[in-house]
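K.L.:
Supplied in structure tokens, the structure appears directly below.
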Amino acid sequence: MKRQNFVRIIEMARLLFDIFYDGECVSEDAFFEWLRNPDQSETKGHSAVEMSTRDFFTWLTQAETESEEGKEEWEN
């Protein structure tokens with residue numbers, strides 16, 4: 001794969017993650033599983049996508065924390 005094409009794919013990763021999440025095509029658990037357990041045959045690509053989706057995972061972690069806090073307040 002040409003470097004130019006690889007860079008374009010990486011740049012699109014955040015958009016694709018948002019689309020997959022919003023469309024409920026991929027669960028939060030699946031995203032975090034992907035993040036924690038990269039396919040050993042794709043470590044270079046995984047690292048690049050991970051860097052480009054860092055904001056997505058920060059947002060997802062914060063949203064999950066806020067959801068849990070709201071649930072605790074509702075139960076009390």
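Quick note on full-length UniProt numbering: the sequence shown kicks off at 1 and runs consecutively. Yeah, the Cβ is synthetic: ideal placement off N, Cα and C, and Gly gets one too.
So, residue 46 versus residue 55, is the Cβ gap smaller than 9 Å?
P.N.:
no
K.L.:
Just how far apart, CA to CA, sit residue 53 and residue 18?
P.N.:
Put simply, the backbone Cα of residue 53 is about 10 Å away from that of residue 18.
K.L.:
Run the CB neighbour count on residue 49, radius 10 Å, all protein chains shown included, and call it buried at 16 or more, exposed below.
P.N.:
buried
K.L.:
Classify residue 29 as helix, strand or coil using the three-state DSSP reduction.
P.N.:
helix
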